[in-house]
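One structure is given below, encoded as structure tokens.
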Amino acid sequence: MHKKYLLILFLFIGILGYSINISVSINPYYLILKDIIDKNDTINVIVPSGKSPHTYSLSSKDIINIYKSDLIIFNGLNSEIFINKIITNIKKKKIPYLFISEIIPRNELILSDEHNNKNSHNEFFNPHVWLNPYLVYNYIIPDIVEKLVEINPSKKDVYINNAEILKEKLKLLDAYLLIKSREIEGGIITFHNSFPYFAKRYNINIAEVIENSPGVEPTISEMKKLTDLARKNKVKAIFSEPQLNKKLAEKLANTLNLNLGILDPLGTNVNSIDELYLSIFLNILNAIR
5 MHKKYLLILF
15 LFIGILGYSI
25 NISVSINPYY
35 LILKDIIDKN
45 DTINVIVPSG
55 KSPHTYSLSS
65 KDIINIYKSD
75 LIIFNGLNSE
85 IFINKIITNI
95 KKKKIPYLFI
105 SEIIPRNELI
115 LSDEHNNKNS
125 HNEFFNPHVW
135 LNPYLVYNYI
145 IPDIVEKLVE
155 INPSKKDVYI
165 NNAEILKEKL
175 KLLDAYLLIK
185 SREIEGGIIT
195 FHNSFPYFAK
205 RYNINIAEVI
215 ENSPGVEPTI
225 SEMKKLTDLA
235 RKNKVKAIFS
245 EPQLNKKLAE
255 KLANTLNLNL
265 GILDPLGTNV
275 NSIDELYLSI
285 FLNILNAIR
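Its first residue numbered 5, the sequence shown is counted upward by one per residue in the working numbering.
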């Protein structure tokens with residue numbers, strides 16, 4: 005009788021499937037995944053709120069949580085400085101992982117400002133691929149779902165159905181923003197080179213960025229060049245980022261008597277990936293009016 009109950013229990017567990025633990029390097033992939041996964045799955049965000057993946061160092065607790073994962077999702081393209089510290093052990097432990105940047109076709113990638121050679125290696129491409137909704141619903145979500153199904157096939161229908169709902173939501177928002185983008189006139193200056201994918205999608209003119217490399221402040225001559233470029237390109241607003249020091253952005257905005265806004269590429273204070281795109285767009289639109 006006892007064996008019979010155990011058999012029924014195992015069959016019941018098999019029908020329900022099991023939950024998986026996913027680690028993602030940055031918050032945007034949490035925002036994407038949370039609308040796809042099963043309610044019993046869990047997501048661990050490696051880089052905490054308010055920190056930048058470009059400068060964040062892993063704690064021992066981070067490393068423990070990463071090694072407990074059933075799947076790890078990185079962005080890649082050198083956006084997370086900590087990957088080299090753990091990737092060898094991840095491979096040794098045979099933990100499934102995914103580099104989002106490797107999903108995106110090469111012709112969809114945007115070169116970093118410092119490099120204009122199409123034969124450059126991958127690390128010379130701008131890493132902020134999650135900020136183009138088209139890339140997310142067309143490439144990123146399908147590949148994430150494929151990986152989830154591979155790891156937990158019992159939840160295949162859940163993952164696929166949830167992903168389809170999310171993709172349709174993003175397609176509708178994308179279509180709306182493409183129409184609304186006609187209202188945006190004049191250039192902007194962003195603090196860091198986080199938004200070229202978003203700007204390209206919605207035809208927004210980013211005249212210049214304040215810091216080409218995170219933590220490397222522009223020289224006095226570079227600040228003067230920024231000021232001249234802003235006037236020449238009829239820049240209407242300057243934007244800082246919550247993960248980085250806004251002092252230089254404030255100084256430039258005061259010098260030019262321009263609006264200073266905030267654009268958060270990581271979506272720290274939003275509840276969904278579509279809300280992230282909408283908040284960035286509206287922050288730009290409202291600042292330049």
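Think of the CB as a built atom: it goes at the ideal place given N, C-alpha and C, for glycine as much as any other residue.
All values derive from a computational prediction rather than experimental measurement.
Residue i, buried or exposed, once every other Cβ within 10 Å from all chains shown has been counted against 16
| i | result |
| --- | --- |
| Asn258 | exposed |
| Asn120 | Low per-residue confidence applies at Asn120: pLDDT is 45, beneath 50, and the placement is therefore not dependable enough to give any value. |
| Tyr22 | exposed |
| Thr223 | exposed |
| Asn31 | buried |
| Asp178 | buried |
| Tyr281 | buried |
| Gly54 | exposed |
| Pro52 | exposed |
| Lys43 | exposed |
| Asn166 | buried |
Given residue i as reference, the closest of the options once Cα atoms are compared
| i | options | result |
| --- | --- | --- |
| Ile24 | Ile94, Pro157, Leu113 and Pro137 | Pro157 |
| Pro246 | Pro57, Lys173 and Ile41 | Pro57 |
| His132 | Arg110, Asn79 and Ile164 | Asn79 |
| Lys175 | Ile145, Leu152, Lys159 and Lys160 | Ile145 |
| Tyr295 | Asn111, Lys160, Leu252 and Leu115 | This structure does not reach residue 295, given that the chain is present from 5 up to 293, and the question cannot be answered. |
| Ile85 | Ile94, Thr59 and Phe103 | Thr59 |
Length of the line joining the Cα atoms of residue i and residue j
| i | j | result |
| --- | --- | --- |
| Asn126 | Tyr33 | Low confidence applies to Asn126: its pLDDT is 43, below 50, so where it sits in the model is not reliable, and the reading given next is rough at best. Going by the C-alpha atoms only, they are around 20 Å apart. |
| Lys171 | Lys96 | 34 Å |
| Asn130 | Ile214 | 16 Å |
| Phe285 | Leu181 | 8 Å |
| Leu13 | Arg186 | Caution is warranted here: a pLDDT of 49 is assigned to Leu13, below 50, making its placement in the model unreliable, and the coordinate value is therefore given only provisionally. Approximately 59 Å, taken between the alpha carbons. |
| Ser105 | His196 | 19 Å |
| Ile90 | Tyr101 | 12 Å |
| Leu233 | Ala211 | 7 Å |
| Lys236 | Leu81 | 32 Å |
| Glu168 | Val220 | 41 Å |
Proximity below 9 Å, CB of residue i to CB of residue j
| i | j | result |
| --- | --- | --- |
| Lys38 | Ile50 | no |
| Ser29 | Ile87 | yes |
| Ile36 | Val153 | no |
| Ile99 | Asp66 | no |
| Ile192 | Ile242 | yes |
4-residue-minimum alpha helix (DSSP H) runs that sit fully inside the region 146-224, ordered along the chain: 160-184 and 200-205
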